[in-house]
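First to last, the protein sequences are chains A and C.
If you want this note's numbering, it's the position in the first sequence, counting the first as 1, plus 45.
If you want this note's numbering, it's the position in the second sequence, counting the first as 1, plus 45.
Beta carbons: idealized from backbone N, C-alpha and C, even for Gly.
Protein chains: 2
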Amino acid sequence: MVIQTTYAFNLEALITDLRTTLRDDQISVSETDRETHSHDWSRHTPSLPDVVVWAESTDDAATVVKLANTHRVPITAWGAGTSLEGNPIPVHQGITLSLSRMTAISAVYPADFQVTAQAGITHEALNAVLREHGLFFAPVPGANATLGGILANNASGTRTVRYGAAKDNVLAMTVVMANGEVITVGSRSVKQSSGYNLLNLIVGSEGTLGIVTEATVRLFPLEKFRSTALVSFETTQQAIDAVVGIRTRGLTPKSLEFVGETYAGILWDAVGINRKPLPTLFIEFGSFREDVLEAELEIVKAVSEGLNAQHIELTTDPEKCDELWLVRRHAYNYFQARYEGKSLYVTDVAVPISALPQMVGTIQRLMDENGIDGVVLGHAGDGNVHATMPYDDDAGFAAVKRVNAGLIATALQLGGTATGEHGVGIGKAAHMEQEHGSAVAVMRTIKQALDPNNILNPGKVFP
Amino acid sequence: MVIQTTYAFNLEALITDLRTTLRDDQISVSETDRETHSHDWSRHTPSLPDVVVWAESTDDAATVVKLANTHRVPITAWGAGTSLEGNPIPVHQGITLSLSRMTAISAVYPADFQVTAQAGITHEALNAVLREHGLFFAPVPGANATLGGILANNASGTRTVRYGAAKDNVLAMTVVMANGEVITVGSRSVKQSSGYNLLNLIVGSEGTLGIVTEATVRLFPLEKFRSTALVSFETTQQAIDAVVGIRTRGLTPKSLEFVGETYAGILWDAVGINRKPLPTLFIEFGSFREDVLEAELEIVKAVSEGLNAQHIELTTDPEKCDELWLVRRHAYNYFQARYEGKSLYVTDVAVPISALPQMVGTIQRLMDENGIDGVVLGHAGDGNVHATMPYDDDAGFAAVKRVNAGLIATALQLGGTATGEHGVGIGKAAHMEQEHGSAVAVMRTIKQALDPNNILNPGKVFP
Numbered sequence: 046m047v048i049q050t051t052y053a054f055n056l057e058a059l060i061t062d063l064r065t066t067l068r069d070d071q072i073s074v075s076e077t078d079r080e081t082h083s084h085d086w087s088r089h090t091p092s093l094p095d096v097v098v099w100a101e102s103t104d105d106a107a108t109v110v111k112l113a114n115t116h117r118v119p120i121t122a123w124g125a126g127t128s129l130e131g132n133p134i135p136v137h138q139g140i141t142l143s144l145s146r147m148t149a150i151s152a153v154y155p156a157d158f159q160v161t162a163q164a165g166i167t168h169e170a171l172n173a174v175l176r177e178h179g180l181f182f183a184p185v186p187g188a189n190a191t192l193g194g195i196l197a198n199n200a201s202g203t204r205t206v207r208y209g210a211a212k213d214n215v216l217a218m219t220v221v222m223a224n225g226e227v228i229t230v231g232s233r234s235v236k237q238s239s240g241y242n243l244l245n246l247i248v249g250s251e252g253t254l255g256i257v258t259e260a261t262v263r264l265f266p267l268e269k270f271r272s273t274a275l276v277s278f279e280t281t282q283q284a285i286d287a288v289v290g291i292r293t294r295g296l297t298p299k300s301l302e303f304v305g306e307t308y309a310g311i312l313w314d315a316v317g318i319n320r321k322p323l324p325t326l327f328i329e330f331g332s333f334r335e336d337v338l339e340a341e342l343e344i345v346k347a348v349s350e351g352l353n354a355q356h357i358e359l360t361t362d363p364e365k366c367d368e369l370w371l372v373r374r375h376a377y378n379y380f381q382a383r384y385e386g387k388s389l390y391v392t393d394v395a396v397p398i399s400a401l402p403q404m405v406g407t408i409q410r411l412m413d414e415n416g417i418d419g420v421v422l423g424h425a426g427d428g429n430v431h432a433t434m435p436y437d438d439d440a441g442f443a444a445v446k447r448v449n450a451g452l453i454a455t456a457l458q459l460g461g462t463a464t465g466e467h468g469v470g471i472g473k474a475a476h477m478e479q480e481h482g483s484a485v486a487v488m489r490t491i492k493q494a495l496d497p498n499n500i501l502n503p504g505k506v507f508p
Numbered sequence: 046m047v048i049q050t051t052y053a054f055n056l057e058a059l060i061t062d063l064r065t066t067l068r069d070d071q072i073s074v075s076e077t078d079r080e081t082h083s084h085d086w087s088r089h090t091p092s093l094p095d096v097v098v099w100a101e102s103t104d105d106a107a108t109v110v111k112l113a114n115t116h117r118v119p120i121t122a123w124g125a126g127t128s129l130e131g132n133p134i135p136v137h138q139g140i141t142l143s144l145s146r147m148t149a150i151s152a153v154y155p156a157d158f159q160v161t162a163q164a165g166i167t168h169e170a171l172n173a174v175l176r177e178h179g180l181f182f183a184p185v186p187g188a189n190a191t192l193g194g195i196l197a198n199n200a201s202g203t204r205t206v207r208y209g210a211a212k213d214n215v216l217a218m219t220v221v222m223a224n225g226e227v228i229t230v231g232s233r234s235v236k237q238s239s240g241y242n243l244l245n246l247i248v249g250s251e252g253t254l255g256i257v258t259e260a261t262v263r264l265f266p267l268e269k270f271r272s273t274a275l276v277s278f279e280t281t282q283q284a285i286d287a288v289v290g291i292r293t294r295g296l297t298p299k300s301l302e303f304v305g306e307t308y309a310g311i312l313w314d315a316v317g318i319n320r321k322p323l324p325t326l327f328i329e330f331g332s333f334r335e336d337v338l339e340a341e342l343e344i345v346k347a348v349s350e351g352l353n354a355q356h357i358e359l360t361t362d363p364e365k366c367d368e369l370w371l372v373r374r375h376a377y378n379y380f381q382a383r384y385e386g387k388s389l390y391v392t393d394v395a396v397p398i399s400a401l402p403q404m405v406g407t408i409q410r411l412m413d414e415n416g417i418d419g420v421v422l423g424h425a426g427d428g429n430v431h432a433t434m435p436y437d438d439d440a441g442f443a444a445v446k447r448v449n450a451g452l453i454a455t456a457l458q459l460g461g462t463a464t465g466e467h468g469v470g471i472g473k474a475a476h477m478e479q480e481h482g483s484a485v486a487v488m489r490t491i492k493q494a495l496d497p498n499n500i501l502n503p504g505k506v507f508p
């Protein structure tokens, strides 16, 4: 099956049609606006959209998509532009449809632990409102992405180990399909077995099957107390054994993060701690009861001591928790400071947890072989590992890409995936056949059936 | 879009082709075998398949599906036949493909909390093996369904409130598509954002998009200790307020079940307890630490007392827990005994939790208006409600169906769904447009694209 990838359209006619229903300040062809929407946070080649359109309602979005379909113009949805694999870069130009003005919260349902909001709200803005209700939306990435972007990329972040990824936290969505038709998928019931799960098909499809304009998502109660454990081990194997040991004893940390030894050294240096650089876990628990936290930390201590931990730091003091997590949270910045002036490339494979030691070992070996001073960090509770690699020229970038290809091959051999949370975008498209084999043809069949003119974010997901 | 629903095929030619690759004992046209595979546990009209075929491997299944596609013969997958909406009844006859001989467990991965098994294994057989590893597979219905059936119907059961439904517990599947091609979807990584989520599209599609032959699913550690709370309230509203109160305080029960007052009366009578019949919650907790359980029960007590609970029973004694849960588990049998000789109809709507009191009230009113002595029971933690209604003739059945249509309409008005866990099958197909509107056309487009000859379980899901 061949999916169309060339477009010839009349931009002026399109804009004339757009102006019949949208205000002037919803449409821009300015260089500045086009440039702003030409790149995300990644190093992928920017591409200028021909026109930027701001939707202010689902109706607006439907109108624009319908026109895009009629005029056969590529249309790429835009939230905050914080993706890491070029997901919202309009590689075939056309329209970039920004949802950033659609920030309304339609309803908070405290008794149902749900909120309905428009796609353009950022997770920080959403959670600021939810905090007043004692609730929060969990699957948030490091960057201040929008709700729509989080859903389109099936984002997750550091708290997936307990609360799941975006797909696990969405109940219903309003979606504009390629023909401009608006459908609602899912419902406000947490249990649903009524027909095909379009909800989870569209989540993570990166705007290639439909554009999400509004969503109802699950929330969790904000806990009163929290604790943090920072534990270092001689080997990565011991650190991962500790992860398994903690989970086998029924503990469900909110975060269960791994930092490789080289990275740990950079972090300790950055914050002025004189400590041996060793594979380290950052573990966070939350609870409504302080005594539960104390008991959980005791279990972490026992498991860690049983694995010959070299450093164990446990605290239920909120300020001390913040202090420890700031180190983890600023890891990327500390690394960037160390390699000032260099570009950084972040990989994103995920494997079964038991395969993490082998995965981390392979990454280290590949970086050594290619002369790259990279570091490893992972969401150990989910088996998701990021290698961050500095480079400064084309040869360096080629080396980085060799390492990335090698570690993806290893992740797939170990039963994992080429991307745990950043999505396919441009960067991982070349690995789709390798990972999914003939299932890619099935994905393509669905794409072709739902977007026969290939107007929705073309050039993504598929090789 | 018109989906084909008439079939003209040469049965003898099909069977001749089947015999070229399968043994004689894998193919049956006997009346007994056809009758066995003509009905599930529901009251939906039975339909005899023309031939029953037992797959013993994914290759077998692929061969049979490929032949079905070539001969344009309907093919319906079969696990244990315990569905409640006619899901595996071969309404257009053709082939019933039984997976019941595919019961192998390929691998248990204790450190990853995963197991890979063939689709025909029952959940009881699977969990018996997993118990030796201190693990269990959570989303199991009351009947001893197969893994494939559980996935095909996105089943859930009483522990969804804590562990999620089938869709939340599956990581990878081997699937035979309509053309006989075998694909694998998902991976052993718990985090996946690589391309379209075919995994969750196929889960719950009731064998209409593909036939699952093997799956890797998530497991949870078996906890050492458990507790049970049985609490009765004056009103359903108070009972549901208690559910919300418990969850707002961060407790995550393993089960959080609601029994309406009439049903409670029948249960107390059945086990010889002299107690006022009132809306009642059955709550179960599990933990690796007994002190945690005690503390949780204290919270349940405080919440319940704050809502003027009329009866509070709390226990951490395993035998007493079993005793209390047996009452809940045998609820259906007790009801059946009370209405011996009558047929029973079980409905399956789900709504946001806050809407449960209104939902339960509407069900009661509809049953009263239609002269039906039905009862209500629900998985309160998920907002899923079942009304069980006795009837004994066509007029009675018509009344039952009127009530069902009325309560579905109410569930949808309240933001819920026509089916929380039983699936669409035959029974709910008529309500799909009502629930999903134009999203049904999108589902149909996907069905048409992936199964153009409509051979996979035709006559289900779509009206």
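Which residues does DSSP list as the beta-bridge partners of Thr141 (chain A)?
Locating residue 141 (chain A) in the first sequence gives position 96, counting from the first residue. A:Val97 and A:Thr121.
Under 8 angstroms, with one C-beta from each stretch per pair, do the segment 89 to 100 of chain C and the segment 138 to 147 of chain C reach the 3-pair mark?
Yes: the two stretches touch, three or more of their Cβ pairs being nearer than 8 angstroms.
Proximity test, Cβ basis, 8 angstroms: Val469 (chain C) and chain A
In the second sequence, the residue the question calls residue 469 (chain C) occupies position 424. Residue contact check for Val469 (chain C) against chain A: a CB pair falls below 8 angstroms.
Short CB-CB distance (under 8 angstroms) between His431 (chain A) and chain C
For the purposes of this step, residue 431 (chain A) is taken as residue 386 along the first sequence, with counting starting at 1. Interface flag for His431 (chain A) against chain C is unset, since no Cβ pair is found closer than 8 angstroms.
Would you mind telling me which residues of chain A sit closer than 8 angstroms to Lys473 (chain C), beta carbon to beta carbon, in chain order?
Counting from one through the second sequence, the residue named residue 473 (chain C) turns up at place 428. Those within 8 angstroms of Lys473 (chain C) in chain A are Ser239.
Are His178 (chain C) and Val153 (chain C) touching if we call contact CB-CB under 8 angstroms?
Numbered from 1 along the second sequence, position 133 holds the residue referred to as residue 178 (chain C). Numbered from 1 along the second sequence, position 108 holds the residue referred to as residue 153 (chain C). Yes, the pair counts as a contact, with Cβ atoms nearer than the cut-off.
Check the C-beta distance from Gln282 (chain A) over to Leu323 (chain A) and give it rounded, since I have them as a contact under 8 angstroms.
Position 237 of the first sequence holds residue 282 (chain A). Position 278 of the first sequence holds residue 323 (chain A). Actually they are not in contact, since the Cβ atoms of Gln282 (chain A) and Leu323 (chain A) sit about 12 angstroms apart, beyond 8 angstroms.
Would you call Val445 (chain C) buried or exposed, if buried means 16 or more other Cβ atoms sit within 10 Å of its Cβ?
Position 400 of the second sequence, counted from the first residue, corresponds to residue 445 (chain C). Answer is buried; the Cβ neighbour count reaches 16.
Strictly under 8 angstroms for the Cβ-Cβ distance: is Arg233 (chain C) near chain A by that measure?
Locating residue 233 (chain C) in the second sequence gives position 188, counting from the first residue. It does; some Cβ of chain A falls within 8 angstroms.
Report yes if the CB atom of Gly472 (chain A) is closer than 8 angstroms to the CB atom of Ser234 (chain C), and no otherwise.
On the first sequence, position 427 is the one that residue 472 (chain A) refers to. On the second sequence, position 189 is the one that residue 234 (chain C) refers to. No, Cβ-Cβ distance for Gly472 (chain A) and Ser234 (chain C) is not below 8 angstroms.
Excluding the 5 residues preceding and the 5 following Gln381 (chain C) in the sequence, name in chain order all residues of the same chain whose CB lies nearer than 8 angstroms to its CB.
Sequence index remark: in the second sequence, residue 381 (chain C) carries index 336 (1-based). Closer than 8 angstroms at the Cβ level, and outside the excluded window around Gln381 (chain C), lie Leu389.
Short of 8 angstroms in beta carbon distance, which residues of its chain neighbour Ile328 (chain C), apart from the five on each side in sequence? Order them along the chain.
Counted from its first residue, the second sequence places residue 328 (chain C) at position 283. These residues qualify, in order along the chain: Thr273, Ala274, Leu275, Val276, Ile291, Pro298, Ser300, Leu301, Glu302 and Val345.
Answer yes or no: do His168 (chain A) and Phe182 (chain A) have a C-beta to C-beta separation smaller than 8 angstroms?
Looking up residue 168 (chain A) in the first sequence gives position 123. Looking up residue 182 (chain A) in the first sequence gives position 137. The Cβ atoms of His168 (chain A) and Phe182 (chain A) lie closer than 8 angstroms to each other.
Using a Cβ-Cβ cut-off of less than 9 angstroms, list which residues of the segment 489 to 500 of chain A approach chain C; keep chain order.
Per Cβ criterion, the list reads Thr490, Ile491, Lys492, Gln493, Ala494 and Leu495.
Could you check where the beta strand (DSSP E) with Ile356 (chain C) kicks off and where it finishes?
Walking along the second sequence from the start, residue 356 (chain C) turns up at place 311. One detail in the question is off: residue 356 (chain C) reads as His in this sequence, not Ile. His356 to Thr360 is the extent of the beta strand (DSSP E) around His356 (chain C).
Using a Cβ-Cβ cutoff of 9 angstroms, what residues of the segment 423 to 453 of chain C are near chain A? List them in chain order.
Residues passing the 9 angstroms Cβ filter: His424, Gly426, Asp427, Gly428 and Asn429.
With distances taken from CA atoms, which of A:Glu306, A:Gly139 and A:Thr50 is nearest Val74 (chain A)?
As a working note, residue 74 (chain A) is residue 29 in the first sequence. Looking at the Cα atoms, A:Gly139 is the closest of the given residues.
Got a sec? Which residues, its chain only, sit under 6 angstroms from Thr219 (chain C) by beta carbon, not counting five neighbours each side?
For the purposes of this step, residue 219 (chain C) is taken as residue 174 along the second sequence, with counting starting at 1. Within the same chain, Thr219 (chain C) has close Cβ partners Thr103, Thr229, Thr258 and Glu259.
Length of the line joining the Cα atoms of Ala484 (chain A) and Asn449 (chain C):
Stepping through the first sequence from its first residue, residue 484 (chain A) is reached at position 439. Stepping through the second sequence from its first residue, residue 449 (chain C) is reached at position 404. One alpha carbon belongs to Ala484 (chain A), the other to Asn449 (chain C), and they sit about 39 angstroms apart.
If I'm right that Leu452 (chain A) touches Thr407 (chain A) with Cβ under 8 angstroms, what's the distance once you round it to whole angstroms?
Translated into positions along the first sequence, residue 452 (chain A) becomes position 407. Translated into positions along the first sequence, residue 407 (chain A) becomes position 362. With 8 angstroms as the limit, Leu452 (chain A) and Thr407 (chain A) qualify as a contact, their Cβ atoms being about 6 angstroms apart.
For Met218 (chain C) and chain A, any beta-carbon pair shorter than 8 angstroms?
Residue 218 (chain C) sits at position 173 when you count from the first residue of the second sequence. No, no contact with chain A.
Proximity of Gly124 (chain C) and Gly165 (chain C) at Cβ, strictly below 8 angstroms:
Translated into the one-based positions of the second sequence, residue 124 (chain C) becomes position 79. Translated into the one-based positions of the second sequence, residue 165 (chain C) becomes position 120. For Gly124 (chain C) and Gly165 (chain C), yes; Cβs fall inside 8 angstroms.
What is the DSSP secondary structure of Ile417 (chain C), reduced to helix, strand or coil?
As a position in the second sequence, residue 417 (chain C) is number 372, starting the count at 1. In the structure shown, Ile417 (chain C) adopts coil according to DSSP, grouped into three states.
At what residue ranges does the segment 319 to 406 of chain A contain a whole run of the beta strand (DSSP E), taking only runs of 3 or more?
DSSP runs (the beta strand (DSSP E)) wholly in the segment 319 to 406 of chain A: 325 to 332, 356 to 360 and 388 to 391.
Name the DSSP beta bridge partners of Tyr436 (chain C), please?
Within the second sequence, the letter at position 391 stands for residue 436 (chain C). Paired residue(s): C:Ser388.
I believe Ala217 (chain A) touches Gly231 (chain A) by the beta-carbon criterion, under 8 angstroms. Please report the beta-carbon distance rounded to the nearest angstrom.
For this step, residue 217 (chain A) is matched to residue 172 along the first sequence. For this step, residue 231 (chain A) is matched to residue 186 along the first sequence. The C-beta separation of Ala217 (chain A) from Gly231 (chain A) comes to about 4 angstroms, placing the pair in contact by the 8 angstroms criterion.
Please report the distance separating the alpha-carbon of Gly460 (chain A) from that of Gly482 (chain A).
Start at 1 with the first residue of the first sequence, and residue 460 (chain A) comes out as number 415. Start at 1 with the first residue of the first sequence, and residue 482 (chain A) comes out as number 437. For Gly460 (chain A) and Gly482 (chain A), the distance between alpha carbons rounds to 14 angstroms.
Hey, how far is the Cα of Glu414 (chain C) from the Cα of Val430 (chain C)?
Translated into positions along the second sequence, residue 414 (chain C) becomes position 369. Translated into positions along the second sequence, residue 430 (chain C) becomes position 385. Each residue's alpha carbon lies about 19 angstroms from the other.
At least one CB of chain A closer than 8 angstroms to the CB of Glu306 (chain C): is that the case?
The sequence position of residue 306 (chain C) within the second sequence is 261, counting from 1. No, its Cβ sits nowhere closer than 8 angstroms to a Cβ of chain A.
Taking a cut of 7 angstroms between CB atoms, which residues from the segment 387 to 404 of chain A lie near chain C?
Within the segment 387 to 404 of chain A, those residues whose Cβ lies closer than 7 angstroms to any Cβ of chain C are, in chain order, Ala395, Val396, Pro397, Ile398 and Ser399.
Just to confirm my understanding: we take Glu279 (chain A), look at its own chain, exclude 5 residues before and 5 after, and list those with CB closer than 7 angstroms. What are they?
Position 234 of the first sequence, counted from the start, is the residue given in the question as residue 279 (chain A). Counting only Cβ-Cβ distances below 7 angstroms, and skipping sequence neighbours, we find Leu323, Asn353 and Gln355.
Report yes if the CB atom of Thr455 (chain C) is closer than 8 angstroms to the CB atom of Met404 (chain C), and no otherwise.
Within the second sequence, residue 455 (chain C) is the residue found at index 410, counting from 1. Within the second sequence, residue 404 (chain C) is the residue found at index 359, counting from 1. A Cβ-Cβ contact shorter than 8 angstroms links Thr455 (chain C) with Met404 (chain C).
Per DSSP, which residues does Arg271 (chain C) bridge with? Please list them.
Residue numbering aside, residue 271 (chain C) sits at position 226 when the second sequence is read from its first letter. Its beta-bridge partners are C:Gly331.
Starting from Arg263 (chain C), trace the beta strand (DSSP E) in both directions and tell me its first and last residue.
Your numbering for residue 263 (chain C) matches position 218 in the second sequence. Arg263 (chain C) -> beta strand (DSSP E) spans Ile256 to Arg263.
So, for Ala113 (chain C): in the same chain, excluding its five sequence neighbours on each side, which residues have a beta-carbon less than 6 angstroms away from its beta-carbon?
Counting from one through the second sequence, the residue named residue 113 (chain C) turns up at place 68. These residues qualify, in order along the chain: Ile120, Ile140 and Ile500.
Would Ala197 (chain C) pass as a contact of Gly252 (chain C) if the rule is Cβ separation under 8 angstroms?
As a first step, residue 197 (chain C) must be located in the second sequence, where it is residue number 152. As a first step, residue 252 (chain C) must be located in the second sequence, where it is residue number 207. A contact, by the Cβ cut-off of 8 angstroms.
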